[in-house]
Every structure is written in C-alpha cells, then in structure tokens.
Amino acid sequence: MNATTGVSDVDPIKVSVIGSRLEAISKEIGQTMLRTSRSPIFSEARDFVTGIFDHRLRLLAQTAYIPVLMGALPFALESIAKEYADDIHEGDVFILNDPYHGNNHPPDITIAKPVFADGAIQFWSVSKGHHADVGGGGVVGYNPAARTVWEECVRIPPAKLVDKGKRNKSLWDFILLNVRMPWLVEADLECQIGACTIGERSLRALIRKYGLPVLRGAADQILDASERQARAALRDLPNGVYRAESFIDHDGIDKAKRIGVRLTLTISDEAIHFDWSESDPQASGYVNSTLANTVSASFQALFLTICADVKYNEGALRALSVTAREGTVLHAREPAPVSCCTVSASQAIVEAIWLALAQAVPERVYAGWGRWLAPATMGLNPRTNRLFGDIHFMGKSGAGATHGLDGWDHVGPSFCGGSLRAPDPELHELIDPYTVLQYEYWQDSAGPGRWRGGLGTIYRWRVEADGIMAVNFGGGVNDETRPFGLAGGQRSPVSELLVRRRGGGEAERIDAESFFTLNQGDEVELRVTGGGGYGDPLARDRAQVADDITDGVVSLAEARRAYGWDPKGAST
Numbered sequence: 008m009n010a011t012t013g014v015s016d017v018d019p020i021k022v023s024v025i026g027s028r029l030e031a032i033s034k035e036i037g038q039t040m041l042r043t044s045r046s047p048i049f050s051e052a053r054d055f056v057t058g059i060f061d062h063r064l065r066l067l068a069q070t071a072y073i074p075v076l077m078g079a080l081p082f083a084l085e086s087i088a089k090e091y092a093d094d095i096h097e098g099d100v101f102i103l104n105d106p107y108h109g110n111n112h113p114p115d116i117t118i119a120k121p122v123f124a125d126g127a128i129q130f131w132s133v134s135k136g137h138h139a140d141v142g143g144g145g146v147v148g149y150n151p152a153a154r155t156v157w158e159e160c161v162r163i164p165p166a167k168l169v170d171k172g173k174r175n176k177s178l179w180d181f182i183l184l185n186v187r188m189p190w191l192v193e194a195d196l197e198c199q200i201g202a203c204t205i206g207e208r209s210l211r212a213l214i215r216k217y218g219l220p221v222l223r224g225a226a227d228q229i230l231d232a233s234e235r236q237a238r239a240a241l242r243d244l245p246n247g248v249y250r251a252e253s254f255i256d257h258d259g260i261d262k263a264k265r266i267g268v269r270l271t272l273t274i275s276d277e278a279i280h281f282d283w284s285e286s287d288p289q290a291s292g293y294v295n296s297t298l299a300n301t302v303s304a305s306f307q308a309l310f311l312t313i314c315a316d317v318k319y320n321e322g323a324l325r326a327l328s329v330t331a332r333e334g335t336v337l338h339a340r341e342p343a344p345v346s347c348c349t350v351s352a353s354q355a356i357v358e359a360i361w362l363a364l365a366q367a368v369p370e371r372v373y374a375g376w377g378r379w380l381a382p383a384t385m386g387l388n389p390r391t392n393r394l395f396g397d398i399h400f401m402g403k404s405g406a407g408a409t410h411g412l413d414g415w416d417h418v419g420p421s422f423c424g425g426s427l428r429a430p431d432p433e434l435h436e437l438i439d440p441y442t443v444l445q446y447e448y449w450q451d452s453a454g455p456g457r458w459r460g461g462l463g464t465i466y467r468w469r470v471e472a473d474g475i476m477a478v479n480f481g482g483g484v485n486d487e488t489r490p491f492g493l494a495g496g497q498r499s500p501v502s503e504l505l506v507r508r509r510g511g512g513e514a515e516r517i518d519a520e521s522f523f524t525l526n527q528g529d530e531v532e533l534r535v536t537g538g539g540g541y542g543d544p545l546a547r548d549r550a551q552v553a554d555d556i557t558d559g560v561v562s563l564a565e566a567r568r569a570y571g572w573d574p575k576g577a578s579t
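Using our numbering, the letters of the sequence shown correspond one by one to residues 8 to 579.
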C-alpha cells in the first residue's frame, strides 16, 4: 500500500461505491448552487456545471447542467494550478473568467477550491456558471459590437478570491466596482464558494472513511473503466476519414457573411480525432471560439450520441483528441471577441460532427436540433428600482429525430444536451418587468420525416418598463443554418424574433447577434424552431400522422404537403 500511488487492487464493489459517492458530491455542489443562488440564470435555468478533480487534475466526476461548459473545465483548472503552482494553501479559493486562460467565454466564472489532507492537495472542488454581468459593453455578457475581448468583460486571470481563508478584499472590490449589479454578482460568487466548500467538506469525509491510498487506487480504476467503456463504444465504428461542414449565421459585424466550420473526423480503431483546421479565419465579431470551448463542444457531440452511456470523466476522454489551427474561428487568437462561442460556435461544431458521423453510422446520430435564439435583456425594473439582467430561456428548440424515434419537443439546443431548464413563467414575471402573453408549442416547426423532429416554441411577452437594452443572440435565422434532415428527412423552418412596438405598425424582425431597445408596451414574439426529420416523410406511419394532426403538432396543410396526407388517411 502506497499513499502516493494508491492501492492497485481495490475491491471492485468498493470502487463502484466510491465512484457513486464522487458523483453524488458533484451533484451536491450543484444542488447547493441551485438553492443558494440569487440570479435566475443559476437558480432557474441551471446555467452552470460542477466537477471533482483529483490531485493530478484529472476529472473524476461531474454534473453537467450545461454540458458544453464541462469539457473546458480541465483547461481552467490547469491554468489556475500552473499560475499558482507553489502558492496554493488550505483555505484558498480561486477565480477565473478569462477565455484565454482556459475558460469558455467571459460570463462563465470558474471557482475552484483545493481540498487538503495530510498537508497536500488531494482533490479540487470546482464550479463554473454564467453570471448576470461581467462588465464590458454587452448585455448579460453578450456584446455583438465587440471587436476585442476587452469590450466584452472585465478579464479575470487565475486569481485568489479567498487567500488562506481570508477574503481578498482588493480583488472583490475591483470585480464588484466593474459590474452593473454588484449585489447580484457578489451573492452568486458567494453561492459558488459555498457550494465548493460543501464539496470540500464531503470530500474530506470521504478521505476519513476510506483513506488516501484506497481513494487514489479507486480513482485510477474508475478512470480506466471509463476509458474501456469509451473505446468499446467506438469499436464498432467503421475506420475512415469523414468530412463535413456547417455554418455560423454571421458574426454580428458582417451580417451577410456565413462563417464556415469544417471538420475532418478520423476514426481509427478505438479512437476519434477531430480536426477543425480548415475552418474559416477568425471573425471580427464575438462568435469566435477558444480552443477550450472547441474541445468541449466536440466532446459534447460524441457524448450525446456514440458515447451516451459512457461516464464523462478524464478516462473516457483519453480516446478523443482535437486540433484546430490558431487564427481560425475555432481557435481564435487573443484578443478576438468570443462571448458567443458557447452558443453560435458550439452548435455549429455539434452539427458538423453529427453530419460526419452520419456518413459512418447514420442510425446512431440525430438530425439537426433547433439552434438557440433568444434575447438577453437588462434594464431598470420599476417594481424594485434596481437593475435586472436575465436571459429568456423559455424559448427552447426541438431536438432532431433519429432512426426509430421522433425528436424531443421543447428540449433546447444541442450544446445543452437536453438539460437546459425553462424557468417558471410566473417566477419570470415576478423577477423581471414582463408579462407573458403566449407560451406554447409552435405548430409545423418540426422537420418532417418518417420520424419527425421535436417541436419548437412560441414565446410572447409584453414589456412593462422603458429603456431596456437587449441582445438577440444565437442563430438558425438563415436558410443555411436551419436544422438539417437525415436519410431523406426534411429541415425545419428558420427561427425569428419579432418586436411589435406599442404604437402599432408592422412587426420588426430582429436579426441574430444584434442590439435592440425595448420600451413599455412593446410586445416581443420569439419563435424557436424544432428539429430536423429523419427518413422519408411519406414512409411515416399513417396513425402517427393522424395523431399529429389531432394534437395540433402538424396542420392539415403541412400534412398534405410533407406527408402526402388526404382526409381519408391515405398517401397521395
């Protein structure tokens, strides 16, 4: 038995128990955040992730409420550990939001707390979440006019927010002075710290129960088992090189230019390599991706499909590798703006991977999911006489169909993997100055197919305050970026955001990656599309078509057009 290397032959049942306990601790961190946060972005939408790392910075367990954030978490922790290699002490808490130090995008602030035992770091308790404001010129962290990262945020490199148990007042003061809602940001930072402290407490209890040698040996076996699971999942894929491309709508600066995301995917025995080197040069606007985000989105696409039953940890990731040429849109060179990378770039990455995999194993991937499109808004709430900042998470898209199954309705974009939570509309009205007027499935938004896509959403609300600044961010508003169909399935319609001003007149269509202003009495209508279809629509079971018509999923006109439906239920 060696306290440094760990026991090599821990009982498999004990390994399983320890693995489950590590996962439970990660969930415990997340549940603490849900119950103690102040921002609805945390408490309602669950826009955060949590993770447990060991002393070697290996991801052991995670809770990926927003999965695209997860794969970048190791980059952030490695940046912290490298910066403070000889200056990490018990009671320290680290903070990071800079995208060029391993973060996805600036609004997602990483908080990491080392867990000590026997005078050394044994684990890390980590969380990362989207804050309501990080300074800069944007709205809730999104600035489509930014030409550099400095216009998007206050950049926080790896730093000590708490030093040996004592709050670093100078850093706290600096951060809170540079955000518009300091009371909210402070509360949510304290929420993250508290959650990581709960994780620290539980990890110390685990150390006391099992001892370090057993825990280290169990960690090795947990990761090795996940690697075997991942390679087994990849084993049946046909070796080969597969190429695909998808597009980002535009960068918010040149709105006529689609931005190409190009993939060369190589399957070699029990491993996959994602090469993004042929993607377009980095953009002027904020849709660029950091390498950490590109890696994370690449992994996300696989864990939603081929590796869906594999535990997401460092072991599983050993079978995967990613390259992207610096200076391209998927590996932007500092100081390019990147605040929309988790959305615009990530969903294009996922789509390209699924299109490539569809050439190899078409029955194991999805048709395109509806892309994210929704506004972030910020302004003065007349009920509280305080600023508010929020994202309209209610407008969730539909998932793409797959072989044998219709897509899920109202599930959200691919980079969230179905785990995005739509806030309670009544709570939304209570917190923000809005009145919800309509919230329902969007008829005919599902891509037709033998198996149809999931339905998207219509979400309409009235504004109850003046001078609200808003950003419509995301995509799927152009023909080239509509969700794709597979195996003869059809695409779903484009998404759109419409504003009807209080004085009447024609509705104004707000493009993606655009600022706009809202005033009292304005009505906003968000139509977020459904997923693409799979298989020939004419082959869809007639009883299913009839049910869709009865349920209002498909209009009679669309049933005739797409499914060859006639009133007697026969194909035409």
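Built from N, CA and C at the ideal position, the CB exists for glycine as well. For clarity, every value in this text was computed on a predicted model and none was experimentally measured.
Query	Result
Rounded Cβ spacing between GLN199 and SER132 (contact assumed at less than 8 Å)	Contact doesn't hold; Cβ gap of about 10 Å is too wide.
Residue span of the beta strand (DSSP E) that contains LYS167, given as start and end	166 to 170
Spatial distance of ALA10 from ALA225 (CA atoms)	Below a pLDDT of 50, predicted positions are generally treated as unreliable, and ALA10, at 44, falls in that range; no measurement from the model is reported.
Delimiting residues of the alpha helix (DSSP H) encompassing ASP558	549 to 558
Three CB pairs or more closer than 8 Å across the stretch 116 to 130 and the stretch 143 to 161	no
Nearest to TYR249 (by Cα), restricted to the options ALA232, GLN228, ALA237, THR273	THR273
Under the three-state DSSP convention, the category THR301 falls into	helix
Touching by the beta-carbon criterion (3+ pairs, under 8 Å), the stretch 285 to 295 and the stretch 246 to 263	yes
Through-space distance from GLU35 to LYS21, alpha-carbon basis	21 Å
Three-state class that DSSP yields for GLY206 in the structure shown	helix
Alpha-carbon to alpha-carbon, VAL14 and MET8	Legend: pLDDT at MET8 = 41, less than 50; position of this residue unreliable, no value from coordinates given.
Three-pair Cβ contact test at 8 Å for the stretch 28 to 42 versus the stretch 103 to 111	no
Beta bridge counterpart(s) of GLN69 as assigned by DSSP	GLY58
Range of the contiguous beta strand (DSSP E) that encloses ASP115	115 to 124
C-alpha gap between VAL531 and GLY143, whole angstroms	26 Å
For ARG534, three-class secondary structure by DSSP	strand
Length at least 3, wholly inside the stretch 326 to 360: the beta strand (DSSP E) runs in chain order	327 to 330
Whole-number beta carbon distance between SER275 and ALA331, since they are thought to touch under 8 Å	Contact flag wrong, Cβ pair sits at about 19 Å.
Under 8 Å between C-beta atoms of TYR570 and PRO440	no
DSSP state of GLY459 mapped onto helix, strand, coil	One detail in the question is off: residue 459 reads as Arg in this sequence, not Gly. If DSSP states are grouped into helix, strand and coil, ARG459 belongs with coil.
Three-state class that DSSP yields for PRO420 in the structure shown	coil
Segments of 4+ residues assigned as alpha helix (DSSP H) that fall wholly inside the stretch 231 to 318	298 to 310
For PRO389, the three-state DSSP class (helix, strand or coil)	coil
Where LEU103 falls: helix, strand or coil (DSSP)	strand
Sub-8 Å separation of VAL478 and ALA408 beta-carbons	no
Delimiting residues of the alpha helix (DSSP H) encompassing MET40	19 to 43
The beta strand (DSSP E) enclosing SER502, as first and last residue numbers	Looking at the DSSP string, SER502 is not in any beta strand (DSSP E), and its letter there is neither H nor E.
The stretch 529 to 546 / the stretch 489 to 497 touching (three or more Cβ pairs under 8 Å)	yes
Three-pair Cβ contact test at 8 Å for the stretch 81 to 101 versus the stretch 166 to 178	yes
DSSP-derived helix/strand/coil call for PRO220	helix
Run of the beta strand (DSSP E) containing PHE400, from where it starts to where it stops	No beta strand (DSSP E) holds PHE400; DSSP gives it neither H nor E.
VAL141 Cβ short of 7 Å to the ligand SAH heavy atom set	The ligand SAH is not part of the structure shown, which contains no ligands of any sort.
Residue burial classification, LYS89 (beta-carbon count within 10 angstroms, cutoff 16)	exposed
Nearest to GLU341 (by Cα), restricted to the options VAL535, GLU159, ALA92	GLU159
Contact set for MET188: own chain, Cβ-Cβ below 7 Å, skip 5 residues either direction	ALA139, ASP140, LEU394, GLY396
Test item: CB-CB of GLY483 and ARG547 under 8 Å	no
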